[in-house]
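One structure below.
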Amino acid sequence: MQQKRNIQIIEWEDLDKRKFYSFGVFMTMTIRATVYPATLIRTRLQVQKGKSLYNGTLDAFVKILRAEGVRGLYRGFMVNTFTLISGQAYITTYELVRKYVSTYSSNNTVKSLVAGGSASLVAQSITVPIDVISQQLMMQGQGEHLTRFRIKPKMVGAKHKVTFGQTRDIIAQIFAIDGLRGFYRGYMASLLTYIPNSAVWWPFYHFYAEQLSKMAPSNCPHLVLQAMAGPLAAATASTVTNPMDVVRARVQVEGRSSIIVTFKQLIREEGFWGMTKGLSARIISSTPTAIVMVVGYETLKKLSLRPELVDSRHW
1 MQQKRNIQII EWEDLDKRKF YSFGVFMTMT IRATVYPATL IRTRLQVQKG KSLYNGTLDA
61 FVKILRAEGV RGLYRGFMVN TFTLISGQAY ITTYELVRKY VSTYSSNNTV KSLVAGGSAS
121 LVAQSITVPI DVISQQLMMQ GQGEHLTRFR IKPKMVGAKH KVTFGQTRDI IAQIFAIDGL
181 RGFYRGYMAS LLTYIPNSAV WWPFYHFYAE QLSKMAPSNC PHLVLQAMAG PLAAATASTV
241 TNPMDVVRAR VQVEGRSSII VTFKQLIREE GFWGMTKGLS ARIISSTPTA IVMVVGYETL
301 KKLSLRPELV DSRHW
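Start counting the sequence shown at 1; every next residue gets the next number (UniProt numbering).
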């Protein structure tokens, strides 16, 4: 039996793929630039021991800005932009899997959960090596005990070609010590973090959007309801998966090989509160990300509709 929805979902077969990918690159880049500072702060909070450097999200923001300037908030950003590839892979996988699952089930929750988890699996396989490199760049200048790889001193003060010089230096060090496996350090931890996160986010996003549509006036634009549903879903998913995200960050930055050993050590040193480290930064990061992503993504799909379907979808 077909599920009734107050907000009609634009599916893969409704899209003009050329428009979809052209606009999609711009949308993904905008999202990355908007939320990167919060991502950097979250990583530093999760990796630090106790409160050795920062006392929280706001304290970290002020100290980084004071010590490193605005550029400090974007340390490693150029490397991170390569995740544009994974962004396109993510949305393609999500839409294609939704279409495939719909042949077996019309339940939107099932389609969203399976598609979200599958999309994350594909995206993380591309993203993890980029994350490993960018996280090492994020942690430069934070103390030798927090990262295994150090940028050569002459590069730190260099004015020209600094970004790519530092990036090459980090890549060379990782490869020399760990080989190709070093670029996939924390891969399993990433899958255990982001597959559940994505699988939880999409069903809750559609759930919150539908619930809000029942409470909102009939003339309320759908895009407004979706923009409200995004952060709610993001906060829910972030809270559920944050413990694994803390473990993932430590595995990747500190070079640990065991998820279980890292988890046990974290509990022993900082107690269960250690599992909440970076949660506020993650929610702060995910809120604008969710709003920008939802508005951008739903607008992208609306703009990418096949011409004959434009008048059949409402905002």
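For every residue, glycine included, the Cβ atom is placed at its ideal position computed from N, Cα and C.
Beta-ladder partner(s) of residue i, from DSSP
i: Leu121; result: Partner(s): none; Leu121 has no beta bridge.
i: Leu15; result: Leu305
Status (buried if at least 16 other CB within 10 Å, exposed otherwise) for residue i
i: Phe20; result: buried
i: Met293; result: buried
i: Trp273; result: exposed
i: Asn219; result: exposed
i: Gln166; result: buried
i: Tyr36; result: buried
i: Ser304; result: buried
i: Pro217; result: exposed
i: Ser22; result: exposed
i: Phe77; result: buried
i: Gly69; result: exposed
i: residue 316; result: Since the displayed the chain opens at 1 and closes at 315, residue 316 lies outside it and no answer follows.
i: Ala290; result: buried
i: Met215; result: exposed
i: Val25; result: exposed
i: Arg168; result: exposed
i: Arg75; result: buried
i: Val310; result: exposed
i: Gly157; result: Per-residue confidence for Gly157 stands at a pLDDT of 48, beneath the threshold of 50, marking its modelled position as unreliable; the derived number appears in the next sentence. When all chains shown are included, Gly157 counts as exposed.
i: Glu95; result: buried
i: Leu212; result: buried
i: Thr103; result: exposed
i: Gly179; result: exposed
i: Arg98; result: buried
i: Ile195; result: buried
i: Leu65; result: exposed
i: residue 325; result: Here the chain comprises residues numbered 1 to 315, so residue 325 is not present and cannot be evaluated.
i: Arg268; result: exposed
i: Arg42; result: buried
i: Ala38; result: buried
i: Ala67; result: exposed
Own chain partners of residue i with C-beta closer than 7 angstroms, once the 5 adjacent residues on each side are dropped
i: Tyr54; result: Arg44, Leu45, Gln48, Ala60, Lys63
i: residue 317; result: Absent from the structure is residue 317, since the part of the chain shown begins at 1 and ends at 315.
i: Phe207; result: none
i: Val251; result: Arg185, Gly186, Ala189, Ile259, Thr262
i: Lys277; result: Leu45, Gln46, Val246
i: Ile31; result: Thr289, Val292, Met293, Gly296
i: Ile85; result: Ile126
i: Phe175; result: Gly182
i: Ala227; result: Ile291, Val294, Val295
i: Trp201; result: Gly116, Ala233, Ala234, Ala237
i: Asp14; result: Leu305, Arg306, Leu309
i: Trp12; result: Glu95, Leu96, Arg98, Lys99
i: Lys111; result: Arg98, Val101, Ser102, Ser105
Neighbourhood of residue i by C-beta, 6 angstroms cutoff - its chain only, sequence neighbours within 5 removed
i: Ser238; result: Arg282, Ile283, Ser286
i: Leu113; result: Ala199, Pro203
i: Phe183; result: Pro129, Val132
i: Met27; result: Gly296, Leu300
i: Lys159; result: For Lys159, the predicted structure reports a pLDDT of 44, less than 50, and the residue's modelled location is therefore unreliable. A value from the coordinates is still provided. Counting only Cβ-Cβ distances below 6 angstroms, and skipping sequence neighbours, we find nothing.
i: Met1; result: Note that Met1 scores 38 on pLDDT, short of 50, meaning its location in the model is unreliable and no value can be drawn from it.
i: Ser280; result: Thr57
i: Asn80; result: Ser134
i: Lys51; result: none
Test: residue i CB closer than 8 angstroms to a CB of chain C
i: Leu266; result: No chain C appears in the structure shown, which is made up of a single protein chain.
Spatial neighbours of residue i in its chain, beta-carbon cut-off 8 angstroms, leaving aside the 5 residues before and after
i: Pro307; result: Asp16
i: Thr34; result: Pro288, Thr289, Val292
i: Val240; result: Pro196, Asn197, Val200
i: Ile9; result: Asn108, His206
Distance cut-off 7 angstroms: residue i Cβ against heavy atoms of the ligand MG
i: Met78; result: Among the components of this structure there are no ligands whatsoever, and the ligand MG is therefore not found.
Inset, instruction - Give a yes or no on contact between the stretch 119–127 and the stretch 79–95, applying the rule of three or more CB pairs nearer than 8 angstroms. - result: yes
Legend entry - Secondary structure, alpha helix (DSSP H): runs of 4+ residues fully inside the stretch 220–269: Runs of the alpha helix (DSSP H) inside the stretch 220–269: 222–254.
Legend entry - Complete alpha helix (DSSP H) runs within the stretch 28–103 (minimum length 4 residues, chain order): 57–73, 77–80, 84–101
Inset, instruction - Flag this pair as touching only if the stretch 215–229 and the stretch 294–302 have three or more C-beta atom pairs under 8 angstroms; answer yes or no. - result: yes
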